[in-house]
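Accompanying notes for the structure given below.
2 protein chains.
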Amino acid sequence: MNLSDLLSVARGDSPADLVLRNGRIVNVFSGTIEATDLAIASGRIAGLGTGYRGKQEIDLHGAYVAPGLIDAHVHIESSLCTPPYFATALIAHGVTTAIADPHEIANVAGVAGIRYMTDAARALPLRILMMAPSCVPATHMETNGATLTAADLAALLADGTVHGLAEVMNFPGVIHGDPAVLAKLAAFAGRPRDGHAPAMRDKRLNAYVAAGIGSEHECTTVAEAAEKLARGLYIFIREATNAHNLHALLPLVTAHNSRRICFCTDDRIPSDLLDQGSIDYMVREAIGFGLDPITALRMATLNPAEWFGLHDRGAIAPGRLADLVIVDDLQDFRPRQLYVGGQLLVDRGALLPATWALSPIDASHVSRSINVDWESVAFAIPARGQRMRVIGALENQLVTEARLLDVTAHNGNAVADPARDLLKMAVIDRYRASGAMGLGFIQGIGLQRGAMAGTVAHDHHNLVVIGADDVSMMTAAHTVGAMGGGLAIVEGEHVVATLSLPVAGLMSDRPIHAVRQAYDMLLANARAQGSPLHDPFMAMSFMALEVIPSLKLTDKGLVDVDKFEIVDLFV
Amino acid sequence: MNLSDLLSVARGDSPADLVLRNGRIVNVFSGTIEATDLAIASGRIAGLGTGYRGKQEIDLHGAYVAPGLIDAHVHIESSLCTPPYFATALIAHGVTTAIADPHEIANVAGVAGIRYMTDAARALPLRILMMAPSCVPATHMETNGATLTAADLAALLADGTVHGLAEVMNFPGVIHGDPAVLAKLAAFAGRPRDGHAPAMRDKRLNAYVAAGIGSEHECTTVAEAAEKLARGLYIFIREATNAHNLHALLPLVTAHNSRRICFCTDDRIPSDLLDQGSIDYMVREAIGFGLDPITALRMATLNPAEWFGLHDRGAIAPGRLADLVIVDDLQDFRPRQLYVGGQLLVDRGALLPATWALSPIDASHVSRSINVDWESVAFAIPARGQRMRVIGALENQLVTEARLLDVTAHNGNAVADPARDLLKMAVIDRYRASGAMGLGFIQGIGLQRGAMAGTVAHDHHNLVVIGADDVSMMTAAHTVGAMGGGLAIVEGEHVVATLSLPVAGLMSDRPIHAVRQAYDMLLANARAQGSPLHDPFMAMSFMALEVIPSLKLTDKGLVDVDKFEIVDLFV
Numbered sequence: 000m001n002l003s004d005l006l007s008v009a010r011g012d013s014p015a016d017l018v019l020r021n022g023r024i025v026n027v028f029s030g031t032i033e034a035t036d037l038a039i040a041s042g043r044i045a046g047l048g049t050g051y052r053g054k055q056e057i058d059l060h061g062a063y064v065a066p067g068l069i070d071a072h073v074h075i076e077s078s079l080c081t082p083p084y085f086a087t088a089l090i091a092h093g094v095t096t097a098i099a100d101p102h103e104i105a106n107v108a109g110v111a112g113i114r115y116m117t118d119a120a121r122a123l124p125l126r127i128l129m130m131a132p133s134c135v136p137a138t139h140m141e142t143n144g145a146t147l148t149a150a151d152l153a154a155l156l157a158d159g160t161v162h163g164l165a166e167v168m169n170f171p172g173v174i175h176g177d178p179a180v181l182a183k184l185a186a187f188a189g190r191p192r193d194g195h196a197p198a199m200r201d202k203r204l205n206a207y208v209a210a211g212i213g214s215e216h217e218c219t220t221v222a223e224a225a226e227k228l229a230r231g232l233y234i235f236i237r238e239a240t241n242a243h244n245l246h247a248l249l250p251l252v253t254a255h256n257s258r259r260i261c262f263c264t265d266d267r268i269p270s271d272l273l274d275q276g277s278i279d280y281m282v283r284e285a286i287g288f289g290l291d292p293i294t295a296l297r298m299a300t301l302n303p304a305e306w307f308g309l310h311d312r313g314a315i316a317p318g319r320l321a322d323l324v325i326v327d328d329l330q331d332f333r334p335r336q337l338y339v340g341g342q343l344l345v346d347r348g349a350l351l352p353a354t355w356a357l358s359p360i361d362a363s364h365v366s367r368s369i370n371v372d373w374e375s376v377a378f379a380i381p382a383r384g385q386r387m388r389v390i391g392a393l394e395n396q397l398v399t400e401a402r403l404l405d406v407t408a409h410n411g412n413a414v415a416d417p418a419r420d421l422l423k424m425a426v427i428d429r430y431r432a433s434g435a436m437g438l439g440f441i442q443g444i445g446l447q448r449g450a451m452a453g454t455v456a457h458d459h460h461n462l463v464v465i466g467a468d469d470v471s472m473m474t475a476a477h478t479v480g481a482m483g484g485g486l487a488i489v490e491g492e493h494v495v496a497t498l499s500l501p502v503a504g505l506m507s508d509r510p511i512h513a514v515r516q517a518y519d520m521l522l523a524n525a526r527a528q529g530s531p532l533h534d535p536f537m538a539m540s541f542m543a544l545e546v547i548p549s550l551k552l553t554d555k556g557l558v559d560v561d562k563f564e565i566v567d568l569f570v
Numbered sequence: 000m001n002l003s004d005l006l007s008v009a010r011g012d013s014p015a016d017l018v019l020r021n022g023r024i025v026n027v028f029s030g031t032i033e034a035t036d037l038a039i040a041s042g043r044i045a046g047l048g049t050g051y052r053g054k055q056e057i058d059l060h061g062a063y064v065a066p067g068l069i070d071a072h073v074h075i076e077s078s079l080c081t082p083p084y085f086a087t088a089l090i091a092h093g094v095t096t097a098i099a100d101p102h103e104i105a106n107v108a109g110v111a112g113i114r115y116m117t118d119a120a121r122a123l124p125l126r127i128l129m130m131a132p133s134c135v136p137a138t139h140m141e142t143n144g145a146t147l148t149a150a151d152l153a154a155l156l157a158d159g160t161v162h163g164l165a166e167v168m169n170f171p172g173v174i175h176g177d178p179a180v181l182a183k184l185a186a187f188a189g190r191p192r193d194g195h196a197p198a199m200r201d202k203r204l205n206a207y208v209a210a211g212i213g214s215e216h217e218c219t220t221v222a223e224a225a226e227k228l229a230r231g232l233y234i235f236i237r238e239a240t241n242a243h244n245l246h247a248l249l250p251l252v253t254a255h256n257s258r259r260i261c262f263c264t265d266d267r268i269p270s271d272l273l274d275q276g277s278i279d280y281m282v283r284e285a286i287g288f289g290l291d292p293i294t295a296l297r298m299a300t301l302n303p304a305e306w307f308g309l310h311d312r313g314a315i316a317p318g319r320l321a322d323l324v325i326v327d328d329l330q331d332f333r334p335r336q337l338y339v340g341g342q343l344l345v346d347r348g349a350l351l352p353a354t355w356a357l358s359p360i361d362a363s364h365v366s367r368s369i370n371v372d373w374e375s376v377a378f379a380i381p382a383r384g385q386r387m388r389v390i391g392a393l394e395n396q397l398v399t400e401a402r403l404l405d406v407t408a409h410n411g412n413a414v415a416d417p418a419r420d421l422l423k424m425a426v427i428d429r430y431r432a433s434g435a436m437g438l439g440f441i442q443g444i445g446l447q448r449g450a451m452a453g454t455v456a457h458d459h460h461n462l463v464v465i466g467a468d469d470v471s472m473m474t475a476a477h478t479v480g481a482m483g484g485g486l487a488i489v490e491g492e493h494v495v496a497t498l499s500l501p502v503a504g505l506m507s508d509r510p511i512h513a514v515r516q517a518y519d520m521l522l523a524n525a526r527a528q529g530s531p532l533h534d535p536f537m538a539m540s541f542m543a544l545e546v547i548p549s550l551k552l553t554d555k556g557l558v559d560v561d562k563f564e565i566v567d568l569f570v
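Going line by line, the protein sequences match chains A and B.
Heads up: the first sequence begins at 0 in numbering that gives the first Met the number 0, then just goes up one per residue.
Heads up: the second sequence begins at 0 in numbering that gives the first Met the number 0, then just goes up one per residue.
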């Protein structure tokens, strides 16, 4: 942008590229609606007020104009789509900036993964800012694809790849002053440093904040969020596919504290993004709950812009990016039109034929991420005892129960027993062909026959298999391996449904609508094979996450999360 | 500070340096009062909550604890004191951070002047952040002591001397895209860039904001301030000695917009600082006006901290600086105690014997700033006509009238005529001994006899003399010259009262109470010699400021500000 040209338009000396006439501008600074015109030039807002001439002029007939929405924290990988197709969904829903934590691909492919995401995000109208994944790997009790040190992250900051430090999940490391963790915090001094500290209170919270963490998106109750806000953390209210905090936290918001509150989606699968939406959905729900619309919109615009230091957006004001959402009804915030940088991208609520490059980004360095020693893969478990530790999965929860159950034995082996909802689970190192594999049992998934497998398994994303028999498990594992990563459901040697995720074993290379259809097929077949869960694939993806209680399985074995150590299957 | 040690205190594992028990903490994040304890270590807040142990423990018995106040914009030079003595006044009034624009000394001594201020501010408990003076010199129609280019300012930013760009007074240059001005703005991209745009509205305001200016402290009406706030400017409400905007602007503040509003003092003379106070006075007045006390305190703490990106202060929260004001009554905000970095500096409302170094700072490079060609100084004005242009000074206003009056002639010269309130005025180059001198006449100062002179004359700070006769004028000029700068009032050859300002001709090297006494003597004598003005020295200091309408006098002659050109005395 040539500033001199923009000033000429602002003064009224040169015509604007576009004048939007008769809008009702949502002014997030004053908290008022301004009925006036808007002049746009070089992708920026030149001025508000009457008397501007434009090369193009459009009469809004009193429609509302809001700043483009901002998602304060999202893992793009959870959409199972690459950034360009993820972007199509957000743009259609009025989101123009997303603060992304490429934590998943970083665990698979390290710096190369982050650079792939940056490259894939570069030419998009959705403005994606990458944060540096702070905890790769999550723990030493797993094999993952990469390790990121403070020096690695500092290099990413220095070359402009990342904007700040993403959720610091290693909160024990922060609180106890682990030098490696403090080095990461120090590398991002003066930059936004996001938090992740579920249920943390009192003195531990004081220490977490004193260390320099500035935001939190893991609150589940008003009391928890109010304490964290009072200690100085920005609160990101989250409404994810697998974590619904919005309605629980909306009562937190007051006229006095709303400036410190933002919205984020964290993790959303394609059907939620397409059917409900993104931050626009949260704004609608918040207004429906009773929040003043301008307050709700501030939480989706100015507040995150301030926390992230993005003073070029988050408001409709001279010099800021012309990222604008047009809606007809402020009480029912449904984007009818969307401008990004002054370009119309959405009309009548639908994405215009893509005006941006969806040409394939080179993903070769993050493909072929499956490297399994198939010779060593065998699922038989000799019964070394009568009682064993079993993972108890709970619907819609990431925490599990650690159950002690009788072994079902067959030919000297401990076996799955669908009649008891007892399935076998395996987690296979997919990075180093080391032959490392954890084996165990799980209740709560509910398959009565066949098996499911996937390479989406937080945070290490190894190959996870859950099944009712070893043949099905082997079919599922090989099916996913042959796709270069993905999700599959099988029955015996028959492959029932698949979703190929060739990009790092995490993301499809197809449009989000296609991904959604394939995913729906997976879910429908899991249901047909007996699972009562809303989303057993989502559930499976958290059964190997050894930082969330109580019992989890990694490629290194069963992890007692409370003791933070590997334990034997048999007791 | 060792972060690891702070975390240990925060966790409760090590004792704090100090625990303040039973305080009522003003929480500017939540907008609530929290009754709890406060643990302090290494000059920072370690944690809030009960159960902390301290090497020292003090019971506050329910007194209120607020964050240290922040002055968002001040010219220290206007206190006529050096930073250490200026600091004593602010600290006593609860101000712990001041954002200072060393504009005056920069006009006298350029980068050396700014470095003197930085050196003098370094060891003080008042945390002074310097902004880079943006407009030195103010115009080409004056001689001043230095020129600061964009490159000069960028160097000051690069070496950490300055925090941002101070008030950009050359608003025509901004609006019209003057390359030299845009270069200064570009040098401070991503940093706070303060504004100065009196009465600017509509399209010109759009352009000013689009250029990247982010704040404004020159508003005089609610309508003006509301428009500027809506365009995205932070509004600094000002209550200066010579500009009283507080009560006019308090009705601006709403629950929706208060986050964008701060307080500043801009220019305050010693008596105002000592008698009324500083930002504490504005907080008291705002609460008295009816503002919620926490809102008023936010405007004095969190809001300026956010605008200036000072995330280590502005709130009472873990990790932030332990800058704390203790008051007994939130409705009548009078600091009883003050802690800076956890050190008690004020008790029972009075400064404790200075615990910080008031040892003299080396001011040699900003002393001896008076360089006048005394041989060429002569005040006779041959009468070249019958009518002349006369400056019409108006009480408490910086603007003047341009009057056309008859000459009073004597022996062929145009002379002062106190009976008509017609005084002679001279502005003498004090930097280059060039002999440059402007001569003219002024009404409104009111001296009936004698003369006054001073080296405080915005923005160039040349030697200004106003008098009823040439002998008195010569005495006054030489008196000020002999002091190395200062203020004087004389009668004939008798020196009546003086205030020596050896530091750049702008600041005394004596304590603020002494400066105040000397200044009071100047005023009393000016009154005794006939001036009806509250402060004729303050008035005089703006009569040579050629950027404020309508008629002013510089060393280059009479300036018609509206035409922005030098004009002849006679018409």
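Beta carbons: idealized from backbone N, C-alpha and C, even for Gly.
Item: Buried or exposed by the 16-neighbour rule on C-beta atoms within 10 Å, applied to Glu-394(A); Value: exposed
Item: Short-range partners of chain A found in the stretch 249 to 269 of chain B, where Cβ spacing is below 9 Å; Value: Thr-253, Ala-254, His-255, Asn-256, Arg-258, Arg-259
Item: Any 3 or more C-beta pairs closer than 8 Å across the stretch 300 to 309 of chain A and the stretch 34 to 45 of chain A; Value: no
Item: Within chain B, the residues that Asn-26(A) reaches when beta carbons sit closer than 7 Å; Value: Ala-229
Item: Within chain A, the residues that Lys-54(B) reaches when beta carbons sit closer than 8 Å; Value: What Lys-54(B) touches in chain A: nothing, since even the nearest Cβ is about 18 Å away.
Item: Exposure of Asp-279(A), with buried meaning 16 or more beta-carbon neighbours within 10 Å; Value: buried
Item: Contained beta strand (DSSP E) runs [length at least 3] in the stretch 119 to 173 of chain A, N- to C-terminal order; Value: 126 to 131, 163 to 167
Item: Cutoff 8 Å; reference Ile-234(B); Cβ partners in own chain excluding five residues on either side; Value: Ser-214, Glu-215, His-216, Cys-218, Ala-224, Lys-227, Leu-228, Leu-248, Leu-251, Arg-259, Ile-260, Cys-261
Item: Span of the beta strand (DSSP E), counted from its first residue to its last, around Lys-562(B); Value: First-last for Lys-562(B): undefined, no H or E at that position.
Item: Three or more C-beta pairs below 8 Å linking the stretch 70 to 89 of chain A and the stretch 118 to 137 of chain A; Value: yes
Item: Those residues which DSSP pairs with Ala-618(B) across a bridge; Value: With chain B running from 0 to 570 in the structure shown, residue 618(B) is simply not present.
Item: Cβ pair count under 8 Å reaching 3, the stretch 68 to 77 of chain A against the stretch 335 to 355 of chain A; Value: no
Item: C-beta neighbour in chain B for Ser-368(A), strict 8 Å; Value: no
Item: Cβ-based neighbour list, His-364(A), same chain, cut-off 6 Å, excluding 5 preceding and 5 following; Value: Ala-111
Item: Complete runs of the alpha helix (DSSP H) confined to the stretch 244 to 281 of chain B [at least 4 residues]; Value: 245 to 248, 269 to 274
Item: Bounding residues of the beta strand (DSSP E) (the contiguous stretch that carries His-493(A)); Value: 493 to 499
Item: Contact under 8 Å by Cβ, Thr-146(B) with Pro-136(B); Value: yes
Item: Ala-413(B) classed as buried or exposed, judged by whether at least 16 other C-beta atoms fall within 10 angstroms; Value: buried
Item: Supposed close pair Val-167(A), Ile-212(A) - CB separation, criterion 8 Å; Value: 6 Å
Item: Exposed unless 16 or more other CB atoms sit within 10 angstroms - verdict on Asp-420(A); Value: buried
Item: Partners in chain B for Ser-133(A), counting only beta-carbon separations shorter than 9 Å; Value: In chain order: nothing, as chain B lies at least about 16 Å away.
Item: Chain-ordered residues of the stretch 187 to 207 of chain A with a beta carbon less than 7 Å from chain B; Value: Asp-201, Lys-202, Arg-203, Asn-205, Ala-206
Item: Min CB distance Arg-448(B) to chain A below 8 Å; Value: no
Item: Whole beta strand (DSSP E) elements within the stretch 345 to 415 of chain B, 3-residue minimum; Value: 386 to 392, 399 to 405
Item: Cβ of Ala-224(A) within 8 Å of any chain B Cβ; Value: no
Item: Buried versus exposed call for Thr-49(A) [16 or more other C-beta atoms within 10 Å across all chains shown]; Value: exposed
Item: Anticipated Cβ contact below 8 Å, Gly-176(B) with Pro-317(A), distance rounded; Value: Actually they are not in contact, since the Cβ atoms of Gly-176(B) and Pro-317(A) sit about 14 Å apart, beyond 8 Å.
Item: CA nearest to the CA of Thr-142(B), picked from Ala-108(B), Val-470(B), Gly-172(B), Val-8(B); Value: Ala-108(B)
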